[in-house]
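The structure under discussion appears below in the form of structure tokens.
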Amino acid sequence: MHPKHAVEIDYTHTAEAIYKRHDDRVRIFLRISDYIVKDASFKASGCPRVIAASEALCRLLINVDVETAMNLNEEHIREEMDFHDKNFECVRTPLIALKKALSEFAER
Amino acid sequence: MEVYLDHAATTKVFDEVAKAVSDVFTVNYGNASSLHSFGQIARNAYESAREAIAKIIAVSPQEIFFTSGGTESDNIAILGFLKKNFPDGGHLITTQIEHPAVLEVMKELEKRGYDVTYLAPDSDGRVSPKDFKKAIRKDTILASIMWVNNETGMEQPIEEISKIAKENRITLHSDAVQAVGKLKINASLVDMLSASGHKFYAPKGCGFLYVKSGVQISPVMLGGGHERGLRSGTENVPGAVGMATALKLIYDNYSDWRNKIESLKERILDKIYSIPNSHINGRDAVFSHVNVSFKDVSGEALATALDLRGIAVSTASACSSHHGSVKSHVLQAMRLDDWIVNGAIRISLGYDNTENEIDYFLEVLDEEIHRLRNISQG
């Protein structure tokens with residue numbers, strides 16, 4: 747509930763995901779250079795788990811290459827959060843925002 | 013600092029109540045149905061509690077039946093009345109904003125062949141007597157309309173509804189769990205009324221049902237025939253004594269305590285009005301309740317953030333492990349925007365709250381809304 751990565755950064759890529767059923771909204775910001783995610787941040791409104799999942803995703807993203815970032819999944823986020831209840835759908839929204847932000851790489 | 017602002021969920025027992033209940037547990041512990049003197053002392057305490065409660069809600073002691081709480085009272089009132097008088101079906105009227113203790117009973121009755129009309133509230137959470145009148149049919153036999161809504165704190169127009177129900181010879185039940193101990197109510201406006209001890213500084217696991225003289229009900233639980241055959245089960249003397257002690261304390265100090273809480277609520281409302289993009293859910297709620305939403309802040313996130321700083325409020329909309337996203341059926345019935353439904357928190361004040369506590373709460377509320385909005389606004 748006190749995320750370190752909910753800050754402004756000088757980003758190169760960004761995208762937003764909205765999960766209407768829960769009214770969750772997450773925007774991911776990435777600074778990518780030489781196919782490496784140099785920095786990541788987010789803005790999110792939603793339940794505490796959406797905020798925590800967005801924070802966990804940013805921690806996983808920093809200093810990894812784009813391919814690794816594209817392959818991150820819900821399990822990676824749950825592991826990072828140490829939150830293993832699969833019934834909560836909240837962790838998906840930041841991941842969807844990430845995939846959208848990286849879509850130009852996926853198209854190559 | 014710890015600040016408890018969830019008195020609509022439950023209250024602590026007053027010290028005087030704890031002492032009175034403790035005496036029953038350890039000194040006057042006889043079974044109120046026993047013939048020996050231990051039992052008779054307990055019986056006297058039990059019947060004195062009944063008399064005290066009856067006096068406070070302006071009814072006769074024979075019309076009060078002790079139960080285990082609000083849910084049981086609601087079930088006995090609705091199911092017991094129908095079992096005795098209309099076992100083969102008929103039309104019932106209730107509201108979309110009832111507590112599940114009534115709504116779930118109504119759903120069950122629909123399965124058994126009864127027709128149920130669920131009245132919609134307006135955007136402030138109040139049902140209309142006109143809608144009630146319109147819903148009445150020739151075969152309408154029972155209505156159950158709550159006195160004060162637990163989420164919004166909105167008082168329902170019981171007086172007008174009572175008049176219409178009487179004109180149309182419809183038996184009227186009211187779930188008054190959030191009204192008893194907060195309002196000075198005239199229970200005889202309705203035919204049956206449910207109350208729960210832990211909502212008014214008495215112990216959990218006790219409550220009562222008022223049944224107007226002449227209204228016939230069958231028991232829904234069978235046993236030793238306690239409570240004049242309506243509610244079997246060994247008499248909960250500590251609970252009854254606790255409820256009577258608590259209600260007496262409240263109504264002996266009512267004006268002073270109510271004024272104090274009203275002024276605390278005013279300060280909370282002043283702060284809320286100064287925060288942009290906030291919405292009060294249910295204007296003119298009872299003096300103890302504030303239900304409010306802040307745009308771009310989820311109610312669950314705000315309640316969690318406040319909890320981390322020692323403040324207890326509640327939210328009716330939250331993610332659930334088994335049900336996905338659970339949204340308040342009350343706020344949805346009021347047809348409010350999604351951000352209002354998802355952003356709502358309920359602040360419910362109690363007679364024990366202090367000015368210092370509210371100062372701390374308002375300072376933290378401001379900071380946490382600002383912080384959560386910073387997290388949310390990209």
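If you read the protein sequences in the order shown, they are chains A and B. Heads up, the final residue of the first sequence is numbered 854 in the numbering used here, and it's a clean run with no missing numbers. Heads up, the final residue of the second sequence is numbered 390 in the numbering used here, and it's a clean run with no missing numbers. Every residue gets a Cβ at the ideal spot worked out from N, C-alpha and C, and that includes glycine. Quick caveat, the model's predicted, so the values are computed rather than measured.
The Cβ-Cβ distance between G251 of chain B and T23 of chain B does not fall below 9 Å. In this model, F93 of chain B and A324 of chain B are separated by some 38 Å (Cα to Cα). Taking F144 of chain B as reference, the option from B:T106, B:S300 and B:I262 with the minimal CA-CA separation is B:T106.
At a cut-off of 9 Å between beta carbons, Q389 of chain B contacts chain A. It is roughly 22 Å from the alpha-carbon of V139 of chain B to the alpha-carbon of G193 of chain B. Under DSSP, V338 of chain B shares a beta bridge with B:A330. Annotation for T814 of chain A: the continuous alpha helix (DSSP H) segment containing it runs V812 to M816. Ranked by how close their Cα comes to the Cα of I76 of chain B, the residues B:I182, B:W269, B:S208 and B:M233 have B:S208 in first place. Straight-line spacing of the CA atoms in D780 of chain A and F851 of chain A works out to 12 Å. As the crow flies, the alpha-carbon of S60 of chain B is around 54 Å from that of V796 of chain A. In this structure, M204 of chain B places its C-beta atom within 9 Å of the C-beta atom of V227 of chain B. In the three-state scheme derived from DSSP, where H, G and I count as helix and E and B as strand, M204 of chain B is classed as strand. According to the DSSP assignment, L184 of chain B belongs to the beta strand (DSSP E) that extends over T183 to D187. In this structure, H185 of chain B sits near A89 of chain B, with a CB-CB distance shorter than 9 Å.
Nearest Cα to A177 of chain B within the set B:S80, B:H48 and B:A155: B:A155. At a Cβ-Cβ threshold of 9 Å, L318 of chain B and G355 of chain B do not count as neighbours.
Measuring C-alpha to C-alpha distances from R149 of chain B to each of B:T129, B:P141, B:G165 and B:Q108 identifies B:T129 as the nearest.
Under DSSP, F220 of chain B forms a beta bridge with B:F78 and B:A207. Taking 8 Å as the upper bound for CB-CB distance, L841 of chain A and E825 of chain A are not in contact here, some 13 Å apart.
About 19 Å separates the CB atoms of G792 of chain A and D828 of chain A; that is not less than 8 Å, and the two are not in contact. Here the segment 253-272 of chain B makes contact with the segment 24-39 of chain B; the two share three or more CB pairs at distances below 8 Å. Under the 8 Å Cβ criterion, the segment 156-165 of chain B counts as touching the segment 99-119 of chain B, having at least three qualifying pairs. In this structure, DSSP gives Y58 of chain B a helical state, which the three-state scheme calls helix. Unbroken alpha helix (DSSP H) runs of no fewer than 4 residues, entirely contained in the segment 256-314 of chain B, are found at 266-286, following chain order.
Looking at the DSSP output, S800 of chain A shares a beta bridge with no other residue. The beta carbon of C836 of chain A sits closer than 9 Å to some beta carbon of chain B.
The C-beta of S310 of chain B comes closer than 9 Å to at least one C-beta of chain A. Contacts between D811 of chain A and chain B, judged by CB atoms closer than 9 Å, are missing: the closest CB pair is about 25 Å apart. Boundaries of the beta strand (DSSP E) harbouring V783 of chain A: I782 to S791, taken from the DSSP string. Around the Cβ of P99 of chain B, a 10 Å sphere holds fewer than 16 other Cβ atoms; the residue is exposed. Neighbours of N386 of chain B across chain A, judged by C-beta separation under 8 Å: A752. Ranking A:D811, A:N817 and A:F788 by CA distance to the CA of Q389 of chain B puts A:F788 first.
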